[in-house]
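Residue numbers (mature numbering (1 follows the signal peptide of the UniProt record, and there is no 0)): -29 to -1, 1 to 701. Here's the structure we're looking at; comments come further down.
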């Protein structure tokens, strides 16, 4: 594998040399750079024009301008305060990030530049695009947690496993909450709106012991009645009842020691509708004969200890997470199956048939020790060791007269461990060039125990007990060469090796046929990237990157019509494209942000095992060719018009192109447009506002499957929500 990495590194350096030779003629005649900018640019009066963006992509605080990675850094204030779908709101400001929501809490994920699960995640660790809270990785079941009291969200494109561990083949989303830093803040924000929407957030922070012990706490509550009527049993579906809280302490007994302790808990209970008949004249309307249940409760505790020495610092990060999921829904929506089979929808109204309930629990423990070079060192480096353990259990009770495998009781345990060592270094090459690279050597082991007991349905075995295991040792890494045209303009070329672990599908769906579960193979990939980042005229920030992905053995779920069995296959695919992003202070109180992404994807060859229809040349699932976002903000000092406080307004627009839900490209999911807007007034103490989310009332289609030419079952997003809010600070 090392020889493969070396050959691909040479290929990447050759690309950079070509890019450099083309770009040199257009370079600016500026002095050589003297190092990182120490402060954001200011105007003559000393006011900030464009804040420098800080990021922790390489496990240390750096300016985003200096990172040879395509990134989107979303400040907390840019995220909609009234969000009902956190994962979707991150994607709205991140080109080439597509959000897929299968309505259930265990089936939400993102794809970056087409890289992601080829279908629904096979188990809790099959995320492909990693998700972390303040640098601590969580599983796919932790994706899309509520965004409250957030400092920033970092979206890192391309393989990030070198520093963030397993299953970051496509990239990483890192949510960084506000921590205890001693800053005094006390505030309450409230909103009420349509369809029973309500939200409240309370924050308190400051010094508990001056210059020694700081604390911060945040509470969050959200409710929504739902916006999809149920035509069978009445009521509304799509409702939310969310309660969450976070507390943090920072102890600094001296200038060299920092201890951060953080605890959080969220209880996110929803009744999301799973399947809707797209062709229904009153779409969206649910034909379910039970009220769906989609509940997720997450508790997390983290202790981070940092000790500074003269030439380096030592950091220990210990984390425990407890994720519990409960869901219940039916398999035969009355409107979908009534239309498909040409019978009265009432024929499928039976709350005891074609239903399933699932209880899942995952406990995660992780420990990382790392050494970082001292601030200001000529060589910037980090090295460490890490341990990750996930203990997962699923308990499923299924009853169906339509689907043989959806019967009986299943209890499965999937226990996973990963040991790893890693290092990353950045070194100057003269005044303008900088080289960086990192490696991670890891060992995975996953043990599977499955127990199935039939409910007496015809065509399935009475019971099945099975055990199996999977293990793998692998090397990932990345290398980059960057060039500073000026202090404020940098270009880079990089090559990265990514990995997504193999293992076992959590439900072992073919147990009912007496077929033991076999491990699916790991996916690997190479990503090549060329990019430029610049901060221009003290008021404009721009970045762009082109990329090429080469993924081998991407993991997908398949269905064999001949045997009515689910199977799990591996599929190669390729993609290439670009991102362009810009933000600007336009003057006179106006701010602008914009981004556009393009991804061209293609499936290569047939999956192993083979599908009954050809898929070579098809597009990768959930990979839109075009994504775009645009944001405009305005702030006006009230004193300019003889009033107190500040008036503000902002609006955002997102475009997501057409996508396909599966490797067969069986159904085309239409492009969609999301527009959010907010207007308000505030002073140092109080504020009022009015907002609207999804102004156009356009429901995204996240998944679709066609039963016939005129029967399409879809999973759809929310419609329009509008309301008013008020805030108080003291």
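From the three backbone atoms N, C-alpha and C, an ideal C-beta is built for every residue, glycine too.
Counting only the same chain and skipping the five closest in sequence on each side, list residues whose C-beta sits under 6 Å from that of residue i.
i: residue 343; result: 31, 284, 353
i: residue 329; result: 298, 367
i: residue 682; result: 310, 311
i: residue 467; result: 129, 130, 449, 498
i: residue 564; result: 554, 602
i: residue 147; result: 105, 122, 123
i: residue 713; result: What is shown of the chain runs -29 to 701, which leaves residue 713 out entirely.
i: residue 293; result: 270, 334
i: residue 336; result: 291, 360
i: residue 43; result: 65, 126
i: residue 386; result: 362, 418
Residues bridged to residue i by DSSP?
i: residue 390; result: 358, 414
i: residue 652; result: 618, 659
i: residue 539; result: 528
i: residue 200; result: 207
i: residue 347; result: None, per the DSSP bridge assignment.
i: residue 334; result: 293, 362
i: residue 383; result: 365, 421
Expressed to the nearest angstrom, what Euclidean distance is found between the alpha-carbon atoms of residue i and residue j?
i: residue 636; j: residue 572; result: 12 Å
i: residue 277; j: residue 73; result: 40 Å
i: residue 364; j: residue 275; result: 28 Å
i: residue 122; j: residue 525; result: 34 Å
i: residue 58; j: residue 224; result: 38 Å
i: residue 268; j: residue 348; result: 43 Å
i: residue 465; j: residue 494; result: 20 Å
i: residue 648; j: residue 61; result: 16 Å
i: residue 396; j: residue 664; result: 43 Å
i: residue 65; j: residue 377; result: 38 Å
i: residue 194; j: residue 252; result: 29 Å
i: residue 689; j: residue 333; result: 28 Å
i: residue 63; j: residue 113; result: 19 Å
i: residue 610; j: residue 266; result: 48 Å
i: residue 580; j: residue 421; result: 23 Å
i: residue 52; j: residue 644; result: 20 Å
i: residue 144; j: residue 318; result: 45 Å
i: residue 578; j: residue 398; result: 42 Å
Identify the continuous alpha helix (DSSP H) that holds residue i and give its terminal residues.
i: residue 312; result: 305 to 312
i: residue 57; result: 57 to 62
i: residue 133; result: 132 to 135
For residue i, collect the residues of the same chain with a Cβ closer than 8 Å to its Cβ; drop the 5 residues on either side in sequence, then sort them by chain order.
i: residue 323; result: 370
i: residue 155; result: 176, 177, 178
i: residue 103; result: 109, 135, 143, 144, 145, 146
i: residue 150; result: 105, 122, 187, 219, 221, 231, 233
Give the range of the beta strand (DSSP E) segment to which residue i is assigned.
i: residue 570; result: 561 to 579
i: residue 186; result: 184 to 195
i: residue 435; result: 434 to 457
i: residue 264; result: 264 to 279
i: residue 240; result: 228 to 241
i: residue 497; result: 494 to 507
i: residue 215; result: 211 to 225
i: residue 584; result: Element bounds for residue 584: n/a, residue is neither H nor E.
i: residue 121; result: 121 to 128
i: residue 24; result: Taken as a continuous stretch (DSSP letters only), residue 24 belongs to no beta strand (DSSP E), as it is neither H nor E.
Can you tell me whether residue i is helix, strand or coil according to DSSP?
i: residue 180; result: strand
i: residue 720; result: Because the chain here runs from -29 to 701, residue 720 falls outside it and cannot be looked at.
i: residue -7; result: Bear in mind that the predicted position of residue -7 carries a pLDDT of just 36, short of 50, making it too unreliable to give a figure here.
i: residue 612; result: helix
i: residue 95; result: coil
i: residue 12; result: Note that residue 12 has pLDDT 40, beneath the 50 cutoff, so the model's placement of it is unreliable and no number is given.
i: residue 254; result: coil
i: residue 69; result: strand
i: residue 671; result: coil
i: residue 480; result: helix
i: residue 636; result: coil
i: residue 48; result: helix
i: residue 85; result: coil
i: residue 628; result: coil
i: residue 165; result: helix
Kindly indicate if chain C contains any beta-carbon less than 8 Å away from that of residue i.
i: residue 71; result: This model lacks chain C altogether, as it is built from one protein chain only.
For residue i, which residues of its own chain have a beta-carbon under 7 Å away from its beta-carbon, when the five flanking residues on both sides are left out?
i: residue 119; result: 172, 189, 191, 215
i: residue 255; result: 199, 247, 670, 687
i: residue 341; result: 30, 286, 353, 354, 355
i: residue 3; result: Unreliable placement is indicated for residue 3, whose pLDDT of 34 sits below 50; no coordinate value is reported for it.
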